[in-house]
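Undergrad:
In this note's numbering, the protein residues as written are 72 to 258.
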């Protein structure tokens, strides 16, 4: 009975987290709502999304959404952020992503979790006293993908209209015909 109750609670947490993602096309607003939900539902003191900004040689991770400033957990946050790559080398980035999720003890009794947000950046969760268990980390993996997709959709929406117009022009200029067929009744 206890196991069924735990499964029900886990499903409810995942459902509520899923509902918190993609509530707005404003990147900061959407991420702040999602980060608040991640912190509350997972029992974390800090939940922050970092966007990976790359140039030709450098990679910088910028905090773009958080449930609260990391000031009270600054030492633990710095320990976690020290793992982030600083160069835009594709191989180094791939090696870094392969190490995720990264869970370790920070300052005092804090634990940090660096999770991948594919194609966007990373999610930093700081939890007091005990880390998230492996089952929960595995269970929230699809939500990380959903969060990254929603964040990237916000970036597209926030892009200047000229950039969106250029994308539309490229799509409209494709000369190769596209055929979509539907087979029904075995024909």
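The beta-carbon is built from N, C-alpha and C at its ideal position, and this holds for glycine as well.
1. Under 8 angstroms between the Cβ atoms of residue 50 and residue 109?
2. Just to confirm, are residue 136 and residue 105 a CB contact at a threshold of 8 angstroms?
3. For residue 77, which residues from the same chain have a beta carbon less than 8 angstroms from its beta carbon, with the 5 sequence-adjacent residues on both sides left out?
4. What residue range is occupied by the uninterrupted alpha helix (DSSP H) comprising residue 166?
5. Curious, which full-length alpha helix (DSSP H) runs of at least 4 residues does the stretch 99 to 179 contain?
6. If you draw a straight line from the alpha carbon of residue 114 to that of residue 225, how long is it in whole angstroms?
7. Roughly how many whole angstroms lie between the Cα atoms of residue 190 and residue 149?
8. Specify the secondary structure class of residue 85 as computed by DSSP and reduced to three states.
9. I need the DSSP call for residue 258, collapsed to helix, strand or coil.
10. Which residues does DSSP pair with residue 193 in a beta bridge?
11. Where residue 258 and residue 216 are concerned, what is the direct C-alpha to C-alpha distance, given to the nearest angstrom?
12. Over the uninterrupted alpha helix (DSSP H) stretch that includes residue 201, give me the two end residues.
13. CA-CA distance, residue 220 and residue 96?
14. Report yes if the CB atom of residue 147 is closer than 8 angstroms to the CB atom of residue 192, and no otherwise.
TA: Quick answer:
1. Not covered by the structure: residue 50. The range shown for the chain is 72 to 258.
2. For the purposes of this step, residue 136 is taken as residue 65 along the chain shown, with counting starting at 1. For the purposes of this step, residue 105 is taken as residue 34 along the chain shown, with counting starting at 1. Taking 8 angstroms as the Cβ cut-off, residue 136 and residue 105 qualify as a contacting pair.
3. Within the chain shown, numbered from 1, the residue matching residue 77 stands at position 6. Result list for residue 77: empty, nothing under 8 angstroms.
4. Residue numbering aside, residue 166 sits at position 95 when the chain shown is read from its first letter. Counting along the chain, the alpha helix (DSSP H) containing residue 166 begins and ends at 161 to 169.
5. 145 to 152, 161 to 169
6. Stepping through the chain shown from its first residue, residue 114 is reached at position 43. Stepping through the chain shown from its first residue, residue 225 is reached at position 154. Roughly 27 angstroms between the two C-alpha positions.
7. In the chain shown, residue 190 corresponds to position 119, counting from 1. In the chain shown, residue 149 corresponds to position 78, counting from 1. Going from the Cα of residue 190 to the Cα of residue 149 covers about 23 angstroms.
8. Here residue 85 is taken as the residue at index 14 of the chain shown, counted from 1. Correct three-state label for residue 85: helix.
9. Here residue 258 refers to the residue found at position 187 of the chain shown. In this prediction, residue 258 has a pLDDT of 48, which is less than 50 and means its spatial position is unreliable; what the coordinates show is noted afterwards. DSSP places residue 258 in coil when its eight states are reduced to three.
10. As a first step, residue 193 must be located in the chain shown, where it is residue number 122. DSSP output for residue 193 lists 121, 187 as bridge partner(s).
11. Taking the first residue of the chain shown as 1, we reach residue 258 at position 187. Taking the first residue of the chain shown as 1, we reach residue 216 at position 145. Reliability fails at residue 258, whose pLDDT of 48 lies under 50, so the model's placement of it is uncertain and no value is given.
12. Here residue 201 refers to the residue found at position 130 of the chain shown. Neither: residue 201 is in no alpha helix (DSSP H) and is coded neither H nor E.
13. Taking the first residue of the chain shown as 1, we reach residue 220 at position 149. Taking the first residue of the chain shown as 1, we reach residue 96 at position 25. The straight-line gap from Cα to Cα measures roughly 12 angstroms.
14. As a first step, residue 147 must be located in the chain shown, where it is residue number 76. As a first step, residue 192 must be located in the chain shown, where it is residue number 121. Not in contact: residue 147 and residue 192 (Cβ atoms no closer than 8 angstroms).
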